[in-house]
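The sequence shown begins at 117 in this note's numbering and counts up by one.
We put the beta carbon where it would ideally sit given N, CA and C, even for glycine.
What you are looking at is a predicted structure, and each value in this text was computed from that prediction instead of being measured.
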Amino acid sequence: MPESSLRPIYWEDDVVAIIDQRLLPHKRVVLRCTEPQQVIRAIKTMAIRGAPAVGIAGAAALALGALTLKAADPQTFRRKFVRLCRQVKEARPTGNNLSWAVEKVYSVVVENPEADVFQLRRLIREKVEALMAEDVAANRAIGAWGRKIVPSGARILTYCNAGALATADYGTALGVVRAAFAEDSSIHVYTCETRPFLQGSRLTAYELMVEGIPSTLITDNAAGSLMHQKRIDVVVVGADRIAANGDTANKIGTYTMAVLAKANDIPFYVAAPRSTIDPALADGSSIPIEERDPREVTHWNGRAVAPKGMAALNPAFDVTPNRLITGIITEVGVLRRPFKRTIKKALEA
């Protein structure tokens with residue numbers, strides 16, 4: 117892979133290569149995983165993050181598992197593979213793309229009951245590579261649809277990181293930005309730092325600078341002021357899980373941005389592939405919210421930024437109600453109210 121590439125995960129023969137996003141933007145280190153547990157660890161520790169990228173990583177973990185599982189007969193292979201699928205699904209609970217990708221890969225085993233172990237390994241690897249290609253195609257389609265909602269010369273606010281680093285490549289929310297910038301170089305992007313993990317200042321800012329897109333980094337708590345001053349025209353964010361009614365889980369703080377956008381009469385869009393939609397959940401109240409280590413709040417790079425012994429709460433995500441969302445940009449179009457109907461139609465497309 118060239119040093120300039122933003123693809124966060126790719127194959128090197130039978131090795132899964134993952135850019136360690138915990139070290140960006142100052143250091144580029146590639147983790148080379150030869151066993152599924154190494155990929156699972158990378159997901160859990162946020163070496164790779166972003167719902168679509170996590171889904172691809174989970175699928176890749178299964179492909180590695182298929183290669184390394186000790187099983188001479190198909191029955192043993194299938195039994196062990198089911199156990200591995202369960203472990204991968206549990207790596208991170210909030211995003212829908214991970215469980216979706218696991219189910220897609222597992223379907224290969226179900227749909228080929230007569231296949232031997234060698235054939236299953238080959239078919240699983242082919243499925244994972246297809247999922248990677250499909251994610252990139254979906255992201256580019258999201259960008260093509262999304263650029264239509266970006267006004268000429270727009271000042272765009274985005275939150276967290278929903279770019280190439282959060283997907284197989286290109287990005288969802290930043291895919292919209294990339295597509296808009298390709299047609300209109302006068303746009304400007306404001307990216308929030310995104311406490312406590314700083315995905316905005318470390319990753320989104322990095323991607324925008326690599327792409328040469330005019331941009332400004334702001335603190336999370338500056339967003340409302342900029343909106344009030346009419347310095348923001350549109351908000352575009354990614355998503356980790358979308359319920360059947362359009363309620364959307366994304367990085368903690370997204371709900372705040374949506375409330376501020378509503379109060380200032382600014383369009384608020386979510387950009388995500390259909391694999392992020394979980395039609396089994398009627399609304400956002402059932403979306404599981406991951407609680408992460410409080411030290412991510414009380415410490416930074418191992419250094420305390422709060423008094424010793426101070427308790428901290430660290431939910432990784434929040435849920436934005438559909439009433440605050442102007443539209444959901446998918447690979448098949450921009451979904452608008454009533455979301456239950458348009459989401460159902462999009463999933464059937």
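For Thr150, count neighbouring Cβ atoms within 10 angstroms of its own Cβ and tell me buried if that reaches 16, exposed if not. When all chains shown are included, Thr150 counts as exposed.
May I ask you to report which of helix, strand or coil DSSP gives Gly211? In this structure, DSSP gives Gly211 a state outside helix and strand, which the three-state scheme calls coil.
Classify Ser120: buried if its beta carbon has 16 or more other beta carbons within 10 angstroms, exposed otherwise. Note that Ser120 has pLDDT 49, beneath the 50 cutoff, so the model's placement of it is unreliable and no number is given.
What is the C-beta distance between Ala360 and Pro395, in whole angstroms, given that I count them as a contact (C-beta under 8 Å)? Confirmed, about 5 Å.
By DSSP, does Ser331 sit in helix, in strand, or in coil? Collapsing the DSSP output to three states places Ser331 in a strand.
What did DSSP end up calling Ser120 once you bin it into helix, strand or coil? With a pLDDT of 49 at Ser120, under the threshold of 50, the predicted position of this residue should be treated as unreliable, though the coordinate-derived value follows. Ser120: coil per DSSP, three-state reduction.
Could you give the first and the last residue of the continuous beta strand (DSSP E) run that contains Gly449? 449-451 is the span of the beta strand (DSSP E), which, as asked, contains Gly449.
Let me confirm a value: Pro118 is counted as buried when at least 16 other C-beta atoms fall within 10 Å, else exposed. Which label applies? With a pLDDT of 47 at Pro118, under the threshold of 50, the modelled position of this residue cannot be trusted; read the value that follows with caution. Pro118 should be labelled exposed.
Please give me, in chain order, every unbroken run of the alpha helix (DSSP H) with length at least 4 that falls completely inside the stretch 165-214. Complete alpha helix (DSSP H) runs here, min 4: 167-184, 190-205.
Backbone secondary structure at Asp409 - three-state DSSP: Asp409: coil per DSSP, three-state reduction.
Could you compute how far the alpha carbon of Leu376 sits from the alpha carbon of Thr436? Rounded to whole angstroms, Leu376 to Thr436 spans 12 Å at the Cα level.
In three-state terms, what does DSSP make of His304? Looking at His304 - three-state DSSP - the assignment turns out to be strand.
Checking the sheet assignment: what are the DSSP bridge partners for Glu128? Looking at the DSSP assignment, Glu128 forms a beta bridge with Val131.
Inspect the beta-carbon positions of Ile164 and Pro124 and report whether they are closer than 8 Å. Cβ atoms of Ile164 and Pro124: closer than 8 Å.
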